Amino acid sequence: MSRIGQFYSRVPIHWKLTIWASLLLCALFATSNLIQFVFVDKWMAGQEQRRMEQDMKELLNLLLSKEVRIGEGDHTDIRHYLERANRRDGMIRILTDGGVPLIVTADNMPPAVVQADLMPDSRMGTHYADGMLISRSPITIFDFQGTVEIARSVEDMEQLIAAFYRIMIICCLVAIMVSVLGGRLVARQLIKPLRSMNETIRKVKQNGLQERMTPVVAKDDISALKMMFNEMMDEVERSFLQQKQFVEDASHELRTPIAVLEGHLALLQRWGKHNPEVLDESLRISMEELSRLKKLVEELLTLSRAEKLEPSVADMRCETPVELLSSVAGKMGIAHPSFTFKLEAEAMEGVSLAISDSHLEGVLRIVLDNAVKYSGHCQEVSVYAELHGEEAVISIVDKGIGIQDKDLPFIWDRFYQADKSRSGSSHGYGLGLSIAKRMMQSVGGAISLANHPDGGTVATLMIPILPEKD
């Protein structure tokens, strides 16, 4: 058995499908033919038996109606009745109560082939014996008591059944061949999507991630598999392109301050170290570039931690969101004294949010910092908090320059900046919104950004509300 199992495990999947489909079809054909054969056999035998019993009843009724006297004188009339009732390859005889044949009529059947037997009770009996169908019934007319016996050859019926059996065997053999072909066809159809997927994967390996399976408009599992594969490849390609873009952008952002540092250090090495003014200026610029490098590395680390963020249930709770909003707005006001920060968060009094204090503060700082950077001449930022069903909605509204429609789909990408000239400037590196989105997703929340109808931008945070503690 182990060898058979090992051999079967090495059989290709399409041959396994062929074998099982063929066996299933063969079993269906064989079962159908067997049922038909048994039904026909039983039906034909039953029909023949019922016909003989009907002939027996008609013969008895005829003899009784004619009130013939059996055992006295000439039996010519009785023999005539029996010959009329007899069939081809059959025999009818009347036996005395001692089992002696009294009147016999036969057609192509020697009477000796059927052993005489009495039917003592009043029942009619019919049975098969030695290729013949025999029916016996007691008869009483006047003072005569005996048995009427009808016998017929069933050779024709047996030959018909044998012919039907041979036809069934031939049909079974044909069915086996058809089953193998049908099983092979079914296996090919089932394995076709897998081969198509294999071919697509091979093309992906050769040509790149842009290859896709040909979609089929059908509501079945195979079509769903193709759609899922294409969606998976879209996601893989998008992730690959984002990773590639991330590496390119990170390299660019790192190269700029490194190039500045290298230039000033080379200047100092050549002759600038002997000039106090040049030395001071180069050191100042170098420290600024190092500070920018440090900030960039910190943001990259924050983004990496946000992508791997799996906070515990105990940490995912902010029990005083109003105080936290007020604290963050106050800190931003101190950092940017020329800005006015309006806060309306009374609706969240006594509400607990499914986010930690540190994460909520981090997201708010990122969004408020963006609002400050792109506010333009109107230095006012408003923060509104509302409750919508099972969620708390925090809206940060500025009246700045807004976002162009062509940039909206990409603002969550790492290092993306609508104004490329701002890259590496005081406006940051384009990582803040990516970090904020990852933080919100990690706690089951959401963040969106849209242009305000009256100008400026609206950032919306949606955070699940936690039930009150017992």
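Numbering of the sequence shown is given in the working numbering, commencing with residue 208 and proceeding in unit increments. Backbone N, C-alpha and C fix where the C-beta goes; we use that ideal spot for every residue, glycine too. Please read these numbers as outputs of a predicted model, since none were measured by experiment.
- When the alpha-carbon of V247 is set against those of V650, Y372, R645, I541, the nearest one is in Y372.
- For F447, the secondary structure class from DSSP, reduced to helix, strand or coil, is helix.
- In this structure, the CA atom of P660 is about 14 Å from the CA atom of S602.
- Within the same chain, Cβ atoms closer than 6 Å to the Cβ of L309 are found at I301, T303, the five residues on either side in sequence being excluded.
- In the structure shown, A358 adopts extended strand secondary structure according to DSSP, grouped into three states.
- F244 and T333 have their C-alpha atoms some 23 Å from each other.
- Counting the other CB atoms within 10 Å of its CB gives D614 a total below 16, which places it among the exposed residues.
- Taking G607 as the centre and dropping the five residues before and after it, the same chain places the C-beta of Y581, S582, G583, G663 closer than 6 Å to its C-beta, in chain order.
- Contact between Y288 and L271 is absent: CB atoms are separated by about 11 Å, not below the 8 Å threshold.
- Sixteen is the threshold: since fewer than 16 other Cβ atoms of the shown chains lie within 10 Å of the Cβ of V307, the residue is exposed.
- For E255, the closest of P219, Y335, R286, K223 by C-alpha to C-alpha distance is Y335.
- Linking M420 to P219 through their CA atoms gives a straight-line distance of about 23 Å.
- Under a 10 Å Cβ-count criterion, V381 is classified as exposed, with fewer than 16 other Cβ atoms of the shown protein chains found around its own Cβ.
- By the 16-neighbour rule on beta-carbons within 10 angstroms, E362 is exposed.
- Distance from the Cα of K433 is smallest, within the candidate group L401, K644, A252, L640, for L401.
- The three-state secondary structure of M434, taken from DSSP, is helix.
- In this structure, V665 places its C-beta atom within 8 Å of the C-beta atom of V604.
- Around the beta carbon of G557, fewer than 16 other beta carbons sit within 10 angstroms, so the residue counts as exposed.
- Pairing M251 with S342 gives a Cβ-Cβ distance that is not under 8 Å.
- Three or more pairs of CB atoms, one per stretch, sit closer than 8 Å, so the segment 230-242 contacts the segment 374-390.
- DSSP, read as helix, strand or coil, puts C378 in helix.
- Taking C-beta atoms under 8 Å as the contact rule, R499 and S563 fail to qualify, at a distance of about 29 Å.
- In the DSSP assignment, K549 is bridged to S589.
- One thing to note: V454 has its Cβ no nearer than 8 Å to the Cβ of L416.
- A distance below 8 Å separates the beta carbons of M339 and S360.
- Proximity to Q449 across I357, A561, D620 peaks at D620, based on C-alpha coordinates.
- The C-beta distance from T225 to R391 rounds to 5 Å, short enough to meet the 8 Å contact threshold.
- Take S589, set aside five residues on each side of it, and the residues of its chain with a beta-carbon closer than 7 Å to its own are K549, V604, in chain order.
- Rounded to the nearest whole angstrom, the C-alpha separation of S458 and A394 is 51 Å.
- Nearest in C-alpha terms to E495, of all of I277, I465, P483, L567, is I465.
- Burial state of V504 is exposed, judged by a 10 Å Cβ sphere holding fewer than 16 other Cβ atoms.
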